[in-house]
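Protein chains in written order, with the numbering used here: chain A, 1 to 480; chain B, 481 to 565. Just so you know, even glycine gets a beta-carbon here, dropped at the ideal spot from N, CA and C.
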Amino acid sequence: MSYETVIGLEVHAQILTESKIFCGCSTRFGEAPNRNTCPVCMGFPGVLPVLNRKVVEHTIRTGLATHCAIARRSRWARKNYFYPDLPKGYQISQYELPLCTGGHVDVSGDGAPKRVRLTRIHMEEDAGKNIHDARGDHSLVDLNRAGVPLMEIVSEPDIRSPDEAGDYLRTLRSILEYLEVCDGNMEEGSFRCDANVSLRPEGDDELGVKVEIKNLNSFKAVEKALEYEIRRQGQALSEGEPVAQETRLWDPDAEVTRSMRSKEHAHDYRYFPDPDLLPLEIDEEWVSEIRATLPELAQERRNRFVEAYALPAYDAGILTQRRDVADYFEAAVKAHANPKAIANWLMGDLFRVLKERKLDAALRIEHWPVAAADLARMVQLVDEGTISGKLAKTVFTEMLEAGKGPDAIVKEKGLEQVSDTGALDAAVEEVVATCAAQVEEYRAGKEKVFGFLVGQVMKATRGKANPQMVNEILRSKLQG
Amino acid sequence: MAVLARLDLTPDEQEQLTGQLDRILDYMDKLNELDTESVEPMSHAVDVVNVLRPDRAVNQPRTEDLLRNAPARDDDFLSVPKIIE
């Protein structure tokens, strides 16, 4: 029997704020243990949480960008469980009346376009971090993360394959990055994913028994864990064994999922409205204000790039993955209208430098190694014939290293292309004279030697000769 | 119930509290008799909404003071009984 895979994803995205959700502690990553803590996030008795306005605004922003309905009235709930990563004994979250409901993400990837519906987006606080294996007899707790604001974005079970899951996550992350509500850094845990996956006989409407997979810290982990889990469940079902409803943990080293706890005696979270926090009332005015600040998102921008700049869809896709890259590209094109050449330099040489210098780790590149206007000017110098395409590489390297503009470099290094017929004539004659043997071969019909001779002329002029002119002059001399 | 709330109760206490809890639940049943069909659910006892603060990290680190209140510490961490599930 063949089975259909049904996947739903829960994403926890850290909301990009300076302070925590309910207190004035910093959210900065990588601080000394328990440095970003206070009586509120440490759960001392008698403290009162006060909600961070930006958390609400960023969540509304995300809801609007994903076509959700924004609740007019929203409230907070306590999710009760005992674990030392949350010293209060409960997590402040939303249960009934989440801030955003409905909505969808239109996923684009290698496959056909696909719409994934969203169930809800709600706000909650993150928990602290436990370290179990540093000491033999006790565990260590660091509460720097406790109270860091999160959005939980829950999808409907609309995803049908690991590839689609990866595409959905990449699209969602790009949306959050464009909105500047989350830095999308999976390594630092600011974009995390849990997956619910089940199989059902092809054609069935009813959902199979679902398994939740946790510890998915990269797109690759999500795809691999899902592939493994689909194989495991498929095998169990075809052997007539039931799939247990449970939570499983992805082990990235062994590349398997392992049972964590059975959902049958799952926690009873005993949700109830949190009396410490007042409800939210969101009026149309507030929503409109936020709506007015929404940027153009990656998908719209990609389509516009194809239309306005006549770029291949592939290039447009790469250039619009990041908002800062797309901004850079448009700034350069504005300075010199050769979109394809600028795209090539950006996606080739400049991307390589960004990677090498790890500048792409930041959500937004503030200081580009080469200014957009300089890159545009360099392309312009090539287009106008001032420098050869080959020497443009030299100019590019020099811009990177010396931080100078292209005009200054060309002048300083004497890189102007030689398009003067007299000078080129002389250079070609010289080569024809010194390479008599090759000239003979060419005349005897060996076309290939032509390239060699052109190379010799370029060498003699230290790359500065206008190659098109060299071609013409050489051809006429050889025929003569 | 005691297990969920992590309460360590003697058999006497268990019996006493079970009786008290039952009476509370009976009272809930009493409340359930009220017809609340046309009443909008209340989210909070206080009739105030949107209490918000600006996003500013104003807290100064005071790890020492805070850890002094912890039952046990290890370096700058809180120390708790081993809790691997």
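- Counting the other Cβ atoms within 10 Å of the Cβ of N34 (chain A) gives 16 or more, which makes it buried.
- Using beta-carbon distances, G24 (chain A) counts as an interface residue toward chain B, with a partner under 8 Å.
- The beta carbon of Q540 (chain B) is closer than 8 Å to none in its chain, skipping five residues each way along the sequence.
- DSSP, read as helix, strand or coil, puts G189 (chain A) in coil.
- In the three-state scheme derived from DSSP, where H, G and I count as helix and E and B as strand, Q479 (chain A) is classed as helix.
- By the beta-carbon neighbour count (other beta carbons within 10 angstroms, threshold 16), V519 (chain B) is exposed.
- Excluding its 5 nearest sequence neighbours in each direction, Q438 (chain A) has C-beta neighbours in its own chain below 8 Å: V449, F452, L453, listed in chain order.
- With respect to the 8 Å criterion, P369 (chain A) and V353 (chain A) are classified as neighbours on the basis of their beta carbons.
- At least 8 Å separates the CB of R548 (chain B) from every CB of chain A.
- Within chain A, the residues placing a beta-carbon under 8 Å from that of V528 (chain B) are L278, ordered along the chain.
- Within the stretch 125-145 of chain A, the residues whose Cβ lies closer than 9 Å to some Cβ of chain B are G128, N130, I131, H132, D133, A134, R135, G136, D137, H138, S139, L140, V141, D142, L143, listed in chain order.
- 8 Å or more divides the Cβ of F191 (chain A) from the Cβ of E125 (chain A).
- Under DSSP, V197 (chain A) shares a beta bridge with A:I7, A:V211.
- Rounded to whole angstroms, the Cβ separation of L51 (chain A) and L532 (chain B) is 5 Å, and the two are in contact under 8 Å.
- According to the DSSP assignment, M151 (chain A) belongs to the beta strand (DSSP E) that extends over 149-155.
- In the DSSP assignment, D142 (chain A) falls outside any alpha helix (DSSP H) and within the unbroken beta strand (DSSP E) covering 138-142.
- The criterion of a C-beta distance shorter than 8 Å is satisfied by D324 (chain A) and R364 (chain A).
- Shown here, F219 (chain A) sits in a helix according to DSSP, grouped into three states.
- Residues of the stretch 503-530 of chain B whose Cβ lies closer than 8 Å to any Cβ of chain A, in chain order: S523, H524, A525, V526, V528, V529, N530.
- At a Cβ-Cβ threshold of 8 Å, N530 (chain B) and E206 (chain A) do not count as neighbours.
- Taking 8 Å as the threshold, the shortest C-beta distance from M42 (chain A) to chain B falls below it.
- For W286 (chain A), the enclosing alpha helix (DSSP H) starts and ends at 284-291.
- A distance below 6 Å between beta-carbons, with the five flanking residues on each side excluded, links V243 (chain A) to the following residues of its chain, in chain order: V209, Q233, A236.
- For the options A:G8, A:T5, A:Q94, A:A71, the alpha carbon positioned closest to that of E284 (chain A) is the one of A:A71.
- Around the Cβ of T320 (chain A), a 10 Å sphere holds 16 or more other Cβ atoms; the residue is buried.
- Residue contact check for C182 (chain A) against chain B: no CB pair falls below 8 Å.
- Residue-level contact check: P551 (chain B) does not touch chain A, since none of the beta carbons of chain A fall below 8 Å from its beta carbon.
- Under the three-state reduction of DSSP output, Q456 (chain A) falls in the helix class.
- Ranked by Cα distance from S259 (chain A), the first of A:R120, A:P273, A:N215 is A:N215.
- A Cβ-Cβ separation of about 6 Å places I7 (chain A) in contact with A195 (chain A) under the 8 Å criterion.
- Leaving aside the five residues that flank G166 (chain A) on each side, the residues in its chain whose CB is nearer than 8 Å to its CB run, in chain order, G109, F219, V222, E223.
- No Cβ of chain B is located within less than 8 Å of the beta carbon of V256 (chain A).
- Interface residue (Cβ-Cβ distance to chain B less than 8 Å): E281 (chain A) is classified as such.
- Taking the Cα positions, I121 (chain A) is about 8 Å away from T59 (chain A).
- Taking all protein chains in view, the Cβ of Y314 (chain A) is surrounded by fewer than 16 other Cβ atoms within 10 Å, so the residue is classified as exposed.
- The alpha-carbon of K446 (chain A) is positioned some 9 Å away from that of E440 (chain A).
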